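Visitor:
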RNA sequence: CGGGGCGUGGCGCAGCUUGGUAGCGCGGGUGCUUUGGGAGCACUAGGUCGCAGGUUCGAAUCCUGUCGCCCCGACCA
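Numbering (the numbering used here), first residue to last: 370 to 1027.
So, in structure tokens, the structure goes:
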């Protein structure tokens, strides 16, 4: 299939007017968008590549990988969070896809392609339509000409589970694992960093179905292994971490992080390598609290001391002796607005993700959690609460429910939400949900607000404060914390880019969408499910973030758009052109993915570009061409090697396929 | 959504405070010279300053609105 290019090689003139195989759009005959690389894509003349490299960093890019992908001509922004994949990047994406495909297939997973346009009623059945389309929801949605609502798939649980409900009847068909590599649409609150967080991006997503949880665990472990092989084959350094399941739901989940400074996630890991988790999820041992003196509880005048810092400065307390109280309001899909009092030890920070999970679990009846926001003056006004009833800055865990009483207007009159809102109108609960982190509840005696302005209590005990709040793990683990598995170990922080995530979903979606099978005993039961994602386009950029130097990208060989670039140093030297063309043909024939820089540019320009676009091996055909001598340069090590043209193929093959 | 910043030839920027109808570098084209790490010289094409109003004799510049893009945040009372 590479014959078209071979034929043209002979006719390509010095001015490169010959039509190359690449321009015949042979690729479209592949049929599959994300299909494997085939021979028409084996080689490329740079003069035909529409390659535009930039000298200056584009103003739109902030992080190095984004700058390099733009400068080296891999991508262009079309609008915020939406990018075109140019020819070189498309090859990278196809290579990554192919590695993913091979490893997925090796586990017995089946490739499919599911619709991106998905009917609202599917999402209503799973209970996610409102949450995904209203407010902070990320699903692009539209109404078709029949007036039916449709969403653009941000993920495919609903579709795949519906298919499973249709197709899976018996335990004899199980387990199965289906995957696809496809464009996803997510209307991100804030797209950023190019392909890192786009609104349209390429993802591999897989969904497995099982007769029981043990089988799910088995496939989950298979996926863990497959993912490790995929990232290793892509040449990436990754770390697998415990993760929060987030909006997808379910129980166990693990993320795969490409370690890089520009990563959006914070990973906390122990030096012994036995524990690693996303900070959202991480657990650790808090430091011991300093004990407070035995004096009985008494009021302390603390005018203007509304922060932990001020209390500490004025009275010499240690932050660990204080219970701080955060006042928040959680809004749910059914319109409920639930005031929440969170008690934390003064030296600890709230982990919002843990809080959101706790709220979702405790108040499951109210549907999806849409928002958690602080209660402040604006909130008091909005809900016509008694002004001044809530003594901000002096809150105690026992703040009375009657501070939520309304003054004046009848409930809800002045504050209905926009009439066209798809979500139920908000309705304020008139009592607090009281939660406390274990580190706060463990304090025998502590300092806390007195629920009146300018006053705290010293030596309070939980017994003094009425009913105990619900105990939940709410504190954020921090770098330096002691580890649970071995208190002599401490958590260390690394930044990471999440490129993969695997979940044990359980039966959440199968139950909601009535996807059942008949078990061995002849009874119907919901399928067990797992899901497994890889951000293919994000992975490409993460690879750049992890593999670059001052001169440009240094692609790992396995995902480089081409393995080799042959540079003709001086196009006016017929001997050089002739030798380069000969080597170009030889490498193609040997199946090497090779590009030929046949542009009429000075050598320096071509060297710079070769470095910038990051091709792993550069062959320079220059002055030595007359005597059949060429130069082989490795992009990463920069090592140069002079050799006879006849030895190039052998030498390269050793490097490329050791 | 809140905060901050930015929109001026293809790209990166200056000009704006103190209104007088655009400038620099790179890039593009042509020619000559040069030819192993982003060449030199000459000539040349290309923008009416995001868009819409307004003020003014006159607006890239001042005012209002609007659109787009980037960054931080959307928890710590």
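Even glycine gets a Cβ: it sits at the ideal position worked out from N, Cα and C.
No experiment lies behind these values; they were computed from the predicted model shown.
Tell me the DSSP secondary structure of residue 643 in three-state form.
Guide: Coil, per DSSP.
Visitor: Per DSSP, residue 897 forms a beta bridge with which residues?
Guide: Paired residue(s): 579.
Visitor: Taking DSSP as the reference, what is the three-state secondary structure of residue 421?
Guide: DSSP places residue 421 in coil when its eight states are reduced to three.
Visitor: Tell me which same chain residues have a C-beta within less than 6 Å of the C-beta of residue 576, skipping the five on either side of it?
Guide: The answer, listed in chain order, is 529, 547, 900.
Visitor: Rounded C-beta distance between residue 698 and residue 711? I'm assuming under 8 Å.
Guide: Actually they are not in contact, since the Cβ atoms of residue 698 and residue 711 sit about 11 Å apart, beyond 8 Å.
Visitor: Which residue or residues does DSSP assign as beta-bridge partners of residue 856?
Guide: Paired residues: none, contrary to the question.
Visitor: Which of the three DSSP states is assigned to residue 485 in this structure?
Guide: Correct three-state label for residue 485: coil.
Visitor: Return yes when the Cβ of residue 683 is within less than 8 Å of the Cβ of residue 671, no when it is not.
Guide: Going by C-beta atoms, residue 671 is nearer than 8 Å to residue 683.
Visitor: Measure the C-alpha to C-alpha separation of residue 458 and residue 959 and round it to an integer number of angstroms.
Guide: The straight-line gap from Cα to Cα measures roughly 24 Å.
Visitor: Between the C-alpha atoms of residue 439 and residue 460, what's the straight-line distance to the nearest angstrom?
Guide: Spanning the two alpha carbons is a distance of roughly 16 Å.
Visitor: Can you tell me where the beta strand (DSSP E) with residue 650 in it begins and where it stops?
Guide: It is not in any beta strand (DSSP E) - residue 650 carries neither H nor E in the DSSP assignment.
Visitor: The beta strand (DSSP E) spanning residue 454 covers which residue range?
Guide: First-last of the beta strand (DSSP E) with residue 454: 451-454.
Visitor: Taking Cβ positions, are residue 760 and residue 829 nearer each other than 8 Å?
Guide: No; because the gap between Cβ atoms is not below 8 Å, this pair is not in contact.
Visitor: Distance, Cα to Cα, residue 376 vs residue 933?
Guide: Model confidence at residue 376 stands at a pLDDT of 33, short of 50, so the residue's coordinates are unreliable; what they give is reported in the following sentence. Whole-angstrom Cα-Cα distance: 21 Å.
Visitor: Could you pull out every residue in the same chain whose Cβ sits closer than 7 Å to the Cβ of residue 587, ignoring the five residues on either side in sequence?
Guide: Excluding sequence neighbours, residue 587 sits near nothing in its chain.
Visitor: Along the beta strand (DSSP E) that carries residue 945, what are the first and last residues, could you check?
Guide: Unbroken run through residue 945 is the alpha helix (DSSP H), 943-958; no beta strand (DSSP E).
Visitor: Looking only at C-alpha atoms, which of 965, 709, 436 sits nearest to residue 800?
Guide: The residue with the shortest Cα to Cα distance from residue 800 is 709.
Visitor: Counting along the chain, where does the beta strand (DSSP E) carrying residue 626 start and finish?
Guide: Start and end: 622-628.
Visitor: Pairs of beta-carbons, one from the stretch 530-550 and one from the stretch 561-580, closer than 8 Å: are there three or more?
Guide: A contact exists between the stretch 530-550 and the stretch 561-580.
Visitor: Out of curiosity, what's the CA-to-CA distance linking residue 350 and residue 414?
Guide: Past the boundaries of the shown model lies residue 350; the chain is included only from 370 to 1027, so the question cannot be answered.
Visitor: Could you spell out the range, first to last residue, of the beta strand (DSSP E) harbouring residue 705?
Guide: Run containing residue 705: 705-714, per the beta strand (DSSP E) assignment.
Visitor: If you pair each beta-carbon of the stretch 865-883 with each one of the stretch 654-663, do three or more pairs fall below 8 Å?
Guide: No, they do not touch.
Visitor: Name the one or two DSSP bridge partners that residue 740 has.
Guide: In DSSP, residue 740 forms a bridge with 700.
Visitor: So is residue 898 buried or exposed if we call it buried at 16+ other beta carbons inside 10 Å?
Guide: Per the 10 Å Cβ criterion, buried.
Visitor: Taking C-beta to C-beta, are residue 928 and residue 464 nearer than 8 Å?
Guide: In contact: residue 928 and residue 464 (Cβ atoms closer than 8 Å).
Visitor: On the DSSP letters alone, give me the boundaries of the alpha helix (DSSP H) that residue 746 sits inside.
Guide: Looking at the DSSP string, the run of the alpha helix (DSSP H) that includes residue 746 is 746-751.
Visitor: Please go through the same chain and pick out, in chain order, the residues whose beta-carbon is closer than 8 Å to the beta-carbon of residue 421, but skip the five residues on each side of it.
Guide: Closer than 8 Å at Cβ, skipping near neighbours: 442.
Visitor: Going by CA-CA distance only, name the one from 847, 807, 739, 810 that's closest to residue 795.
Guide: Closest option to residue 795, Cα to Cα, is 739.
Visitor: What residue does the beta strand (DSSP E) around residue 1013 start on, and which one ends it?
Guide: Residues 1009-1013.
Visitor: Using three-state DSSP, classify residue 830 as helix, strand or coil.
Guide: It is coil, neither helix nor strand.
Visitor: With a cut-off of 8 Å on the beta carbons, I'd call residue 841 and residue 806 a contact; round off their distance for me.
Guide: Sure, about 7 Å apart at Cβ, within 8 Å.
Visitor: Using C-beta distances below 8 Å, list every residue in its chain close to residue 857, excluding the 5 sequence neighbours before and after it, in chain order.
Guide: Result list for residue 857: 851, in chain order.
Visitor: Which residue comes first and which comes last in the alpha helix (DSSP H) that contains residue 1024?
Guide: Start and end: 1017-1025.
Visitor: My guess is that residue 983 and residue 924 are in contact by the Cβ rule of under 8 Å, so how many angstroms apart are they, rounded?
Guide: Yes, residue 983 and residue 924 are in contact; Cβ-Cβ is about 4 Å, under 8 Å.
Visitor: Roughly how many angstroms lie between the CA atoms of residue 569 and residue 644, to the nearest whole one?
Guide: Rounded to whole angstroms, residue 569 to residue 644 spans 33 Å at the Cα level.
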